[in-house]
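A.B. asks: Supplied in structure tokens, the structure appears directly below.
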Amino acid sequence: MTAVFVLVGLGLVTLPTVQHRRLEQLAPQEWCRATATSIRAGLAVLQLGLLFGAAPTLLRAVGIHDAADACHRIFGPAAPGGAVTGWLGAGALGYVVHARWRARRHVRHTTEVTTIEPWLGTHQLTDGVDHVTIPSDRPLAYAVPGPSPQIVVSDRLRTSLTPDELAAVLRHETSHLRRGHHRELTLACEVETVFSRWPQMRRSAALLRLAVERVADEDAITTTEDRAHVRDALVKTATSLVIGAVPAFTSAATILHRIAALEAAPHHLLGLVSICFD
Ligand SMILES: [Zn+2]
Numbered sequence: 025m026t027a028v029f030v031l032v033g034l035g036l037v038t039l040p041t042v043q044h045r046r047l048e049q050l051a052p053q054e055w056c057r058a059t060a061t062s063i064r065a066g067l068a069v070l071q072l073g074l075l076f077g078a079a080p081t082l083l084r085a086v087g088i089h090d091a092a093d094a095c096h097r098i099f100g101p102a103a104p105g106g107a108v109t110g111w112l113g114a115g116a117l118g119y120v121v122h123a124r125w126r127a128r129r130h131v132r133h134t135t136e137v138t139t140i141e142p143w144l145g146t147h148q149l150t151d152g153v154d155h156v157t158i159p160s161d162r163p164l165a166y167a168v169p170g171p172s173p174q175i176v177v178s179d180r181l182r183t184s185l186t187p188d189e190l191a192a193v194l195r196h197e198t199s200h201l202r203r204g205h206h207r208e209l210t211l212a213c214e215v216e217t218v219f220s221r222w223p224q225m226r227r228s229a230a231l232l233r234l235a236v237e238r239v240a241d242e243d244a245i246t247t248t249e250d251r252a253h254v255r256d257a258l259v260k261t262a263t264s265l266v267i268g269a270v271p272a273f274t275s276a277a278t279i280l281h282r283i284a285a286l287e288a289a290p291h292h293l294l295g296l297v298s299i300c301f302d
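Residue 25 is where the sequence shown starts when you use the working numbering, and the numbers rise one by one after that.
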């Protein structure tokens, strides 16, 4: 039974990759929610499976034999191998829990270092969000969540975009803050850390990041004309990426996918610059 939990957990984490073409047919918000739910449930079931498998061995190791026997009766044998399998399960559980903790710590650290201090750049408080313009040669735009949220834009980006394109970028970043996308991005980081040597699983994290960006892209489109503004801003950013000026959080593949979606499906009006936070 515990092996079934582990396999189901891995399957749920992989499911967004297996079903990505079907998921992409959904509205971006539904796509994002379904992907995040599958991954989150998959990690929880995986950890439960490893815990069930390791519990009898761990309990016997500390002398609680009655509870160990009860676990064995309830959950059944973890897998062939007895105590060896139990210890392997305990090790795997420890690895998963520790990797997820490291991922969350990495996100917190990145959030801290990307928060702009009051003395740097220009600050303007609008609707509770600190809009910051920083001096930089890179066309940067990202959102920093937290009790004092920020939207940070470089002066290079401001000068390279038209006012309408810049407004679209700001709506995109505002969407990240308003929808609390840091939760999905933290989850993606956890998957990338836990399965760092497992490309198929990491693909699910990449698709979750893409879904998050597409939700924000769609939120940035408020009028018919905005579609062109969003697309043009994305194309300009992608061009910068190609020539190596932007080590962006958003990968080149993700941006190209979003441009393709923008041009292929009118209801998938997506695109934009986004460093976000990783
Ligand atoms: Zn974004």
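Even glycine gets a Cβ: it sits at the ideal position worked out from N, Cα and C.
Verify whether the separation of the beta carbon atoms of Val176 and Ile158 is less than 8 Å.
C.D. replies: Translated into the one-based positions of the sequence shown, residue 176 becomes position 152. Translated into the one-based positions of the sequence shown, residue 158 becomes position 134. Closer than 8 Å, so yes.
A.B. asks: So what does DSSP say about His314, is it helix, strand or coil?
C.D. replies: Look at the range of the chain in this structure, 25 to 302, and you will see that residue 314 is not part of it.
A.B. asks: Are the CB atoms of Gly118 and Leu70 within a distance shorter than 8 Å?
C.D. replies: Here residue 70 refers to the residue found at position 46 of the sequence shown. Here residue 118 refers to the residue found at position 94 of the sequence shown. Result no, Cβ atoms of Leu70 and Gly118 do not sit closer than 8 Å.
A.B. asks: Going by C-alpha to C-alpha distance, which of Val193, Val218, Cys213 sits closest to Thr261?
C.D. replies: Within the sequence shown, residue 261 is the residue found at index 237, counting from 1. Answer by Cα proximity: Val193.
A.B. asks: Under 7 Å from any heavy atom of ligand 3, does the C-beta of His200 make it?
C.D. replies: Judged by which ligands are present, ligand 3 is missing from the structure shown, whose ligands are ligand 1.
A.B. asks: Does the beta carbon of His206 fall short of 7 Å from some heavy atom of ligand 1?
C.D. replies: Here the question's residue 206 lines up with position 182 in the sequence shown. Every heavy atom of ligand 1 is 7 Å or more from the Cβ of His206, so no.
A.B. asks: Using a threshold of 8 Å, state whether the C-beta atoms of Pro52 and Ser228 are closer than that.
C.D. replies: Your numbering for residue 52 matches position 28 in the sequence shown. Your numbering for residue 228 matches position 204 in the sequence shown. Their beta carbons are not under 8 Å apart, which means Pro52 does not touch Ser228 by this criterion.
A.B. asks: Measuring straight from C-alpha to C-alpha, what distance separates Trp143 and Ala65?
C.D. replies: Against the sequence shown, residue 143 aligns to sequence position 119. Against the sequence shown, residue 65 aligns to sequence position 41. Each residue's Cα considered, the two are about 43 Å apart.
A.B. asks: Can you tell me which of the three DSSP states Thr139 falls into?
C.D. replies: Against the sequence shown, residue 139 aligns to sequence position 115. Thr139: coil per DSSP, three-state reduction.
A.B. asks: So, helix, strand or coil for Thr248, using DSSP?
C.D. replies: Walking along the sequence shown from the start, residue 248 turns up at place 224. DSSP places Thr248 in coil when its eight states are reduced to three.
A.B. asks: Take Gln148 and list the residues in its own chain whose beta-carbon comes closer than 6 Å to its own, dropping the five residues that flank it on each side.
C.D. replies: On the sequence shown, position 124 is the one that residue 148 refers to. Correct list, in chain order: His155.
A.B. asks: Does the distance between the C-beta of Glu237 and the nearest non-hydrogen atom of ligand 1 fall short of 7 Å?
C.D. replies: Along the sequence shown, read from residue 1 onward, the residue named residue 237 stands at position 213. Under cutoff, so the answer is yes.
A.B. asks: Using beta-carbon positions only, say whether Leu232 and Thr59 come within less than 8 Å of one another.
C.D. replies: In the sequence shown, residue 232 corresponds to position 208, counting from 1. In the sequence shown, residue 59 corresponds to position 35, counting from 1. Closer than 8 Å, so yes.
A.B. asks: Quick one: what's Leu149 bridged to in DSSP?
C.D. replies: To locate residue 149, count along the sequence shown from 1; it is residue 125. In the DSSP output, where bridge partners are listed per residue, Leu149 has Asp154.
A.B. asks: Excluding five sequence neighbours on each side, which residues of the same chain lie with their C-beta closer than 7 Å to the C-beta of Leu185?
C.D. replies: What you label residue 185 is simply residue 161 of the sequence shown in a count that begins at 1. Around Leu185: Val193, Ala257, Lys260.
A.B. asks: Looking only at its own chain, which residues have a Cβ that is under 7 Å from the Cβ of Ala85, when we skip the five neighbours before and after it?
C.D. replies: Taking the sequence shown and counting its residues from 1, one reaches residue 85 at position 61. So the list is empty, once near-sequence residues are dropped.
A.B. asks: What three-state label does DSSP hand Ala51 in the structure shown?
C.D. replies: Residue mapping note: residue 51 aligns to position 27 of the sequence shown, counting from 1. In the structure shown, Ala51 sits in coil (DSSP, three-state: anything other than H, G, I, E or B).
A.B. asks: Which of the three DSSP states is assigned to Ser172 in this structure?
C.D. replies: For the purposes of this step, residue 172 is taken as residue 148 along the sequence shown, with counting starting at 1. Here Ser172 sits in coil by DSSP.
A.B. asks: Any idea what DSSP makes of Ser184, helix, strand or coil?
C.D. replies: On the sequence shown, position 160 is the one that residue 184 refers to. Note: Ser184 maps to helix in three-state DSSP.
A.B. asks: The alpha helix (DSSP H) that contains Arg162, what's its start and end?
C.D. replies: Reading the sequence shown from its first residue, position 138 is the one you call residue 162. Segment: none, Arg162 is in no alpha helix (DSSP H) and carries neither H nor E.
A.B. asks: Could you spell out the range, first to last residue, of the alpha helix (DSSP H) harbouring Leu36?
C.D. replies: Here residue 36 is taken as the residue at index 12 of the sequence shown, counted from 1. Run containing Leu36: 26-42, per the alpha helix (DSSP H) assignment.
A.B. asks: According to DSSP, simplified to helix, strand and coil, what is Ser199?
C.D. replies: As a working mapping, residue 199 is identified with position 175 in the sequence shown. DSSP places Ser199 in helix when its eight states are reduced to three.
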